[in-house]
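Quick notes on the structure that follows.
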Amino acid sequence: MHDERPNQGEAHRSLVERNLRLTEEVKRRVDQLAAINTVATTVSQSLDLNVTLEVALDAVLSVIRVEAAGISLIDEEAGELVLMAQRGWVQDFVTEKPMRIKLGKGISGQVLATDDVVITGSLAGDDRLAVPAFGNEPVQAMAMAPMHAHGKIVGILSVISHHPYTFSDGEITVLCAIADQVGVALDNARLYERVREEQARLSAVVQSAADAIIATDSHSRINLFNRAAERLFQVGADDVLGRPLFDSPLPRRVLAELRRAMARVEGREGSTVIDLQMENGEFWSGVISPVYAPPGHTGKSAEGWVIVMQNVSHLKEAERSRVQFVQSAAHDLRNPLGTALSAMAMLQSEFEMAEDMARILEIAIDGIVRMQDLIDELLNLEHIESGVGMKHQPVDLSDLLTRTGTEMVPLMAEHHHSFTLELEPDLPPVLGDARWLRRALENLLANAIKYTPDGGKITLRAFTSGDGKEVTLEVEDNGPGIPPDAQVHLFERFYRVAVTEDVAPGTGLGLAIVKSVAEKHGGRVFVRSKVGEGSTFGLVLPVGQVDDECH
Ligand code: ADP
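Residues in the sequence shown are numbered from 0 upward in steps of one, following numbering that gives the first Met the number 0.
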């Protein structure tokens, strides 16, 4: 027993030493984990490339007790590995003598090829050096670890000792862990920088565009107002950015137009167009489009809006000249026709004529009247399509339909047609030109009267549709109906269905005019027809919003 005492003391001491070593080891591991943790949290918080690089160098040098560290990134385009940051080096290889190594060359080439850590001793006289000047660094030991992001090597993290040093397995594990953390963070930072550059480029394009561009977010707040928009509205971007569009200092008239246009396309694909005359007399045309995310995801409210406005004064001027030319040409054509017609009417009334001669004269007079009608209708169509002089006022539809129907009653009576007017109570107004809408309805009624055999039934009807956002105006008859293959062409200029050619004279322009009127009001036309049963022709128009809502 006595003999065992010194042995027991030694065992105790070695136990204490082992415990101490273990405690140290645990402490080192905890420090390493803490360092990895610091890198993980810090680098993932920053999208600034330089900050990330500095944090990574700090962290790696706090765990691996060597003098120097460096981070190189792969420049795919140049096919090079570029030193981005260094700490503790003697020479400046980042700015003074940029270290760019062809991918695959030097010791770094070995790291990339093996996708593994490479450990070296002193580099003096090492013939693998791709950058000879690096041989002047007092390197006594070096470990280089590949940095990964999204499964790819993006660069290399190196630690360099200025005295002979053996890297422990634990240190190499930490080096690799930090390298990968930094790899992902750097990749994110690079991606972010690229996105920022892309954004800056896009913004420069948008800012210098000749068209005025305004964009809003999902809360209708303006988030883009380019220089052309500033010039157009004489408002600085700073005064409108972040403000709700309808609370911005843009002219109220413009805001009212925009609100109406947005109501027309909200929830749908595509865009709508508005025409504006500014106070300085210039004409601007605006295309208003809802933005959906993801693209094409319609049917819900827009994520925002884009408004692109273009100066179309020169086009308006050209259009005006064209209308003027057509009008004066039509006038010049009409005059001699009028003279010929009066001469023939005089012949007819003043002179006794043989029956044959009278019939020939009748045909000639008919031809001239039809030519006059054609000129009139062409003029109307030209005028409507040009949009010149179109009014944009609230139109009381009950009043419009009642007047138009009443006006046509005598003509219907001539053909013994019965007439019904069906008006939904409290019809909302549409915004537009009452004269043009009346002409469209007259054309539809005239067709119903003309093509329905005597004693038919004609109905003029108006009701709200499209969830209350639209109004439908339609004329129904129990006439001959139209075959489906002809229906698709009905609204084209000069189109006439072959079978009706003999029923009644016409120009083939009446429905083209109806279509043009509907489109100028932001609406559309339709036809439903069944041979032997009858036809329904109509216009669908957006309900008008009154300017006062724009506050
Ligand atoms: P127009 O009546 O002068 O020929 P429109 O453009 O008004 O020209 O009509 C085009 C064609 O559509 C007509 O020629 C006729 O064949 C057909 N159509 C129009 N309305 C009706 C109707 N209510 N019933 C049957 N056919 C019609």
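C-beta atoms are modelled at their ideal positions from N, C-alpha and C, and glycine is treated no differently.
DSSP places V158 in no alpha helix (DSSP H) but in the uninterrupted beta strand (DSSP E) bounded by K151 to S160. In this structure, the C-beta of R495 approaches the ligand ADP to less than 8 angstroms from one of its heavy atoms. Judged by their CB atoms, T419 and I457 are nearer to each other than the 9 angstroms cut-off. For M143, the uninterrupted beta strand (DSSP E) run begins and ends at A140 to A148, by DSSP. With a cut-off of 8 angstroms, the C-beta of D375 is classified as distant from the ligand ADP, since no heavy atom of the ligand falls inside that distance. Under the three-pair Cβ rule at 8 angstroms, the region 160–173 counts as touching the region 131–151.
Between the region 341–356 and the region 311–328 there are fewer than three C-beta pairs closer than 8 angstroms, too few to call the two in contact. Segment contact: the region 430–440 against the region 480–493, fewer than three CB-CB distances shorter than 8 angstroms; contact not assigned.
Residue burial is scored here from C-beta neighbours: R369 has fewer than 16 other C-beta atoms within 10 angstroms and is therefore classed as exposed. With at least 16 other beta carbons inside 10 angstroms of its own, L231 counts as buried. Classified as buried, A228 has 16 or more neighbouring CB atoms from the shown chains inside 10 Å of its CB. Distance check between R220 and each of D365, V542, K96 and P248 places P248 closest, using alpha-carbon atoms only. Residue side-chain check: S534 places its Cβ nearer than 8 angstroms to a non-hydrogen atom of the ligand ADP. Segment contact: the region 164–183 against the region 45–63, three or more CB-CB distances shorter than 8 angstroms; contact assigned. Across the structure, T338 and V429 are spaced so that their CA atoms are roughly 42 angstroms apart. F525 sits in a strand when the DSSP states are folded into three classes. Taking each of F166, P243, V253 and I152 in turn and checking the Cα distance to S284, the smallest one comes out for V253.
Taking C-alpha positions only, V38 is separated from S270 by approximately 49 angstroms. Bounds of the alpha helix (DSSP H) holding A517 are G509 to K519.
About 10 angstroms separates the Cβ atoms of S288 and V272, ruling out a contact at the 8 angstroms cut-off. In this structure, V325 places its C-beta atom within 9 angstroms of the C-beta atom of E381.
Inside the region 337–418, DSSP marks whole alpha helix (DSSP H) runs of 4 or more residues at positions 354–385 and 396–413, from first to last along the chain. Going by C-alpha positions, Y494 is about 7 angstroms away from L508. Ranked by Cα distance from M261, the options G521, S534 and T535 are led by G521. Counting along the chain, G285 sits inside the beta strand (DSSP E) bounded by residues F282 to V290. Beta-bridge pairing by DSSP links L420 to L459.
Taken through DSSP and simplified to helix, strand or coil, I70 comes out as strand. At a Cβ-Cβ threshold of 9 angstroms, L360 and M343 count as neighbours. Non-local C-beta neighbours of V93 in its own chain, meaning closer than 8 angstroms and more than five positions away in sequence, comprise L82, M83, A84 and Q85, ordered along the chain. The beta-bridge partner set that DSSP reports for T271 consists of I287. Out of G465, V502, E469 and I100, the CA that lies nearest to the CA of P479 is found in V502. Taking a contact as a CB-CB distance under 8 angstroms, the pair N222 and A214 counts as one, their CB atoms being some 6 angstroms apart.
Beta-bridge annotation (DSSP): E16 is not paired with any residue.
Inclusion of L72 and V153 in the CB contact set at 9 angstroms is warranted, their separation being smaller than that value. Cβ neighbours of P482 within its own chain (closer than 7 angstroms, five residues either side excluded): V530. Shown here, S121 sits in coil according to DSSP, grouped into three states, outside any helix or strand.
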